[in-house]
Amino acid sequence: MSLGFVASTGIAAPPLIWFPTVFRLKAADYIKVLKTKFLTRKHVEFWPKDMWPPYSPDANPLDYASWPQVQSKACTLRHANVEAMKASVNEHWTSMFKE
1 MSLGFVASTG
11 IAAPPLIWFP
21 TVFRLKAADY
31 IKVLKTKFLT
41 RKHVEFWPKD
51 MWPPYSPDAN
61 PLDYASWPQV
71 QSKACTLRHA
81 NVEAMKASVN
91 EHWTSMFKE
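Right, dumping it as structure tokens:
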């Protein structure tokens, strides 16, 4: 970056002052970095931005909360057919609400 002047006659003067280019970080970005460093130092577990569900009116909260629990229990074994898998999922789904 440099500072120069243009005379009233239209002739440009050579640059008088030279400022080296400096990378500027926005305050919001800097605060986000500070918060992230603070949370990682305190060993707080948090989801990265790729794990958060997208903003969508069609987003189903059960896809992110209940289904992984049912899937981890019901799909540990390989099922012989689709009907056996559905029965296992339904069994674990109903047992989740009894607990």
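FYI, the numbering for the sequence shown is 1 to 99, going by UniProt numbering.
Yeah, the Cβ is synthetic: ideal placement off N, Cα and C, and Gly gets one too.
Nearest-angstrom Cβ-Cβ length linking V70 and V82, presumed shorter than 8 Å: Rounded, the Cβ-Cβ distance is 16 Å, inconsistent with contact.
Enclosing alpha helix (DSSP H) for M51 [first to last residue]: Careful: M51 lies outside any alpha helix (DSSP H) and carries neither H nor E.
Straight-line Cα distance separating A28 from P48: 18 Å
Go to H92, then tell me how far its alpha helix (DSSP H) extends in each direction, as first and last residue. V82 to K98
For a test of the three-state rule: what should DSSP assign to A28, helix, strand or coil? helix
Extent of the continuous alpha helix (DSSP H) to which P68 belongs: W67 to A74
If you draw a straight line from the C-alpha of H79 to the C-alpha of M85, how long is it? 6 Å
Under a Cβ-count criterion, where at least 16 other Cβ atoms within 10 Å of its own Cβ denotes burial, should A74 be classed as buried or exposed? buried
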